[in-house]
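Asker:
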Amino acid sequence: MSRVRLLTPAALALLLVPLAGCSSASTAVEACMGKQSVGATSGELAGAYAGEGEAEGVTITLTPSENKPGGGRVTVHNWPTGDWYKGELGETFDGSGTWAVVGGGTSGADHAYVSLSFTAPQRFLDGDTLDRLSIAEDGAHVYLYEDDDPDVCPAFRLRKQSR
Numbered sequence: 090m091s092r093v094r095l096l097t098p099a100a101l102a103l104l105l106v107p108l109a110g111c112s113s114a115s116t117a118v119e120a121c122m123g124k125q126s127v128g129a130t131s132g133e134l135a136g137a138y139a140g141e142g143e144a145e146g147v148t149i150t151l152t153p154s155e156n157k158p159g160g161g162r163v164t165v166h167n168w169p170t171g172d173w174y175k176g177e178l179g180e181t182f183d184g185s186g187t188w189a190v191v192g193g194g195t196s197g198a199d200h201a202y203v204s205l206s207f208t209a210p211q212r213f214l215d216g217d218t219l220d221r222l223s224i225a226e227d228g229a230h231v232y233l234y235e236d237d238d239p240d241v242c243p244a245f246r247l248r249k250q251s252r
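Taking the working numbering, the leading residue of the sequence shown gets 90, the next gets one more, and so forth.
(1) Kindly list the residues whose CB is nearer than 8 Å to the CB of G159, restricted to its own chain and excluding five residues on each side of it in sequence; keep chain order.
(2) Can you have a look at A144 and say buried or exposed, based on whether 16 or more other CB atoms are within 10 angstroms of its CB?
(3) Short of 7 Å in beta carbon distance, which residues of its chain neighbour G184, apart from the five on each side in sequence? Order them along the chain.
(4) Between E141 and E119, what straight-line distance do the alpha-carbon atoms span, to the nearest angstrom?
(5) Tell whether a beta-carbon distance below 8 Å holds between V163 and T181.
(6) Pick helix, strand or coil for L219, following the three-state DSSP scheme.
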């Protein structure tokens with residue numbers, strides 16, 4: 090005969106306490122930048138962005154395309170290279186290419202992001218540089234950021250300079 094031991098409410102509460110300290114990605118982002126964007130347009134995102142945090146000195150300019158709704162041309166200055174899973178930024182480059190808004194929708198779980206494709210210089214393969222940026226808005230500012238740790242404010246983020 091096997092014995093099943095039930096946890097008391099106090100023991101159960103102690104097991105769940107570590108989970109209470111975790112926050113969702115939207116909570117960490119909202120705390121420092123605003124809500125994650127569900128449906129951004131190229132017109133809303135177009136403009137010049139300056140880096141903050143680990144992105145200090147980095148700039149990105151998104152120019153909308155009349156022929157390609159939801160995207161356009163991108164120009165970067167001091168854009169980092171390197172393997173992002175290592176948590177270190179590598180050398181930087183100045184370059185250009187295209188961008189597009191991907192994802193989004195009516196569900197709060199479907200967040201939009203900006204996908205970057207660099208055409209100059211042409212030395213990048215997948216993982217060689219940051220090519221996906223999440224979007225957040227707080228009413229006054231628009232942010233593009235690397236969504237790498239959902240429990241903290243994104244360290245690599247760029248703020249739009251004029252709205």
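From the three backbone atoms N, C-alpha and C, an ideal C-beta is built for every residue, glycine too.
Answerer: Straight from the coordinates:
(1) As a first step, residue 159 is located in the sequence shown; it is residue number 70 there, counting from the start. The residues T130, S131, A189, V190, in chain order, have a CB closer than 8 Å to that of G159 in the same chain once the five nearest residues on each side in sequence are set aside.
(2) Translated into positions along the sequence shown, residue 144 becomes position 55. A144 comes out buried.
(3) Working through the sequence shown from its first residue, we reach residue 184 at position 95. Cβ neighbours of G184 beyond the five flanking positions: V165, W168, F207, A209, P210.
(4) Mapped onto the sequence shown, residue 141 falls at position 52. Mapped onto the sequence shown, residue 119 falls at position 30. Those two C-alpha atoms are separated by around 16 Å.
(5) Mapped onto the sequence shown, residue 163 falls at position 74. Mapped onto the sequence shown, residue 181 falls at position 92. For V163 and T181, no; Cβs fall outside 8 Å.
(6) For the purposes of this step, residue 219 is taken as residue 130 along the sequence shown, with counting starting at 1. Coil.
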